[in-house]
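The structure under discussion appears below in the form of structure tokens.
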Amino acid sequence: MNSGISKMADIDPPDQHQPNSRPYLDNASFFNTIPPERIGLNGEYDYHGLVKRVYRAFYEQMAAEELQSLKVKQRGSVIILAGKVTTYAQLTRLIQIALSVEGTVEVEANGVMVQDSRELGCSDSGFLGSHRYAYGCTSDQAAWR
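Note that our numbering has the sequence shown beginning at 19, numbered continuously upward.
Here it is in structure tokens:
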């Protein structure tokens, strides 16, 4: 039993011979970067940072009246639009602005009602740049990727 204790005493602690005895800490730099969807208005960590930056982009590029019936939410890197817009062109512009904000991967407009729905056809779909969209017939719903 004494020989087992002496064998344990002969083992040097790892930090005496290696500058970093905890190699798992080398990956700690991964946690020093903020995911793009979590960057706030001033570059700080903000859980709802993406939606705040999208709101700011909307208000910088559109009139406040155009945004009064619009709700914007965030689910990770996905922006979710809900409410009313007056035209399909306005919805398209909102989606383009949201997609231009760093960290936005997809825009869902399932809850958006276009007041002038004569512009839309049932089951309309296509591409806006490299992002796919599709509209349903029920309430002018759209999903953009």
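Ideal Cβ placement from N, Cα and C applies to all residues, glycine included. Quantities reported herein were computed from a predicted structural model and do not represent experimental measurements.
With contacts defined as CB atoms closer than 7 Å, G61 and S95 fail to qualify as a contacting pair. Listed as beta-bridge partners of I98 by DSSP are K91, E126. Assigned with DSSP and collapsed to three states, I57 falls in strand. Y106 counts as buried, since at least 16 other C-beta atoms from the protein chains shown sit within 10 angstroms of its C-beta. Exclusion of the five residues before and after I115 leaves A75, F76, Q79 as the residues of its chain whose Cβ lies within less than 7 Å of its Cβ. Look at Y63 here: in three-state DSSP terms it is strand.
In this structure, the straight-line span from the alpha carbon of T110 to that of V132 is close to 11 Å. Cβ neighbours of G58 within its own chain (closer than 6 Å, five residues either side excluded): D64, G67.
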